[in-house]
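28 is the number of the first residue of the sequence shown in the numbering used here; add one for each residue after it.
We put the beta carbon where it would ideally sit given N, CA and C, even for glycine.
Report on the following structure.
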Amino acid sequence: MNQTLNQEELAKAREAIMVHVRKVVPYALMVAVASGLFLFSQVFGKIENGSLSYFQTLLSIKAFFGLWLGFRGINQKLFKINPWVFKNHFFPFSLVVIIILLSQFMYL
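So this is what it looks like as structure tokens:
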């Protein structure tokens, strides 16, 4: 869009898209967190020998980051509490990338 629109048109187009994104993304995040919690309960398994396995450790870290993002989305959308940690999209995006990487390393 940067190549075909001037700055004013680009700002209008971006805001028009963001209106819809702000309506959909928090609810999609809540669904993702709820399904993640269900899957966590199904695949975590028993703790043997008093310590977590490699899989359980990475799954726990991944679940923590997912819950952190979900907690933020719920506070922002349902309770109208603005995020106190996230002032831009870099940190949440970084957490999503880390969650994806952990998903790949869990099965090594």
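So, are the CB atoms of residue i and residue j less than 8 Å apart?
{"i": "residue 132", "j": "residue 85", "result": "yes"}
{"i": "residue 89", "j": "residue 37", "result": "no"}
{"i": "residue 79", "j": "residue 87", "result": "yes"}
{"i": "residue 40", "j": "residue 28", "result": "yes"}
{"i": "residue 60", "j": "residue 97", "result": "yes"}
Could you tell me the distance, in whole angstroms, from the CA atom of residue i to the CA atom of residue j?
{"i": "residue 49", "j": "residue 75", "result": "43 Å"}
{"i": "residue 77", "j": "residue 55", "result": "36 Å"}
{"i": "residue 106", "j": "residue 51", "result": "16 Å"}
{"i": "residue 47", "j": "residue 127", "result": "25 Å"}
{"i": "residue 45", "j": "residue 58", "result": "20 Å"}
{"i": "residue 115", "j": "residue 123", "result": "14 Å"}
{"i": "residue 101", "j": "residue 64", "result": "15 Å"}
Hey, out of the options, whose CA is closest to residue i's CA?
{"i": "residue 83", "options": "28, 30, 29, 134", "result": "134"}
{"i": "residue 92", "options": "46, 120, 54", "result": "120"}
{"i": "residue 108", "options": "73, 53, 62", "result": "53"}
{"i": "residue 125", "options": "99, 95, 104", "result": "95"}
DSSP on residue i, reduced to helix/strand/coil?
{"i": "residue 106", "result": "coil"}
{"i": "residue 96", "result": "helix"}
Original post:
Which whole runs of the beta strand (DSSP E) in the stretch 31–78 are 3 residues long or more, in chain order?
Top reply: none
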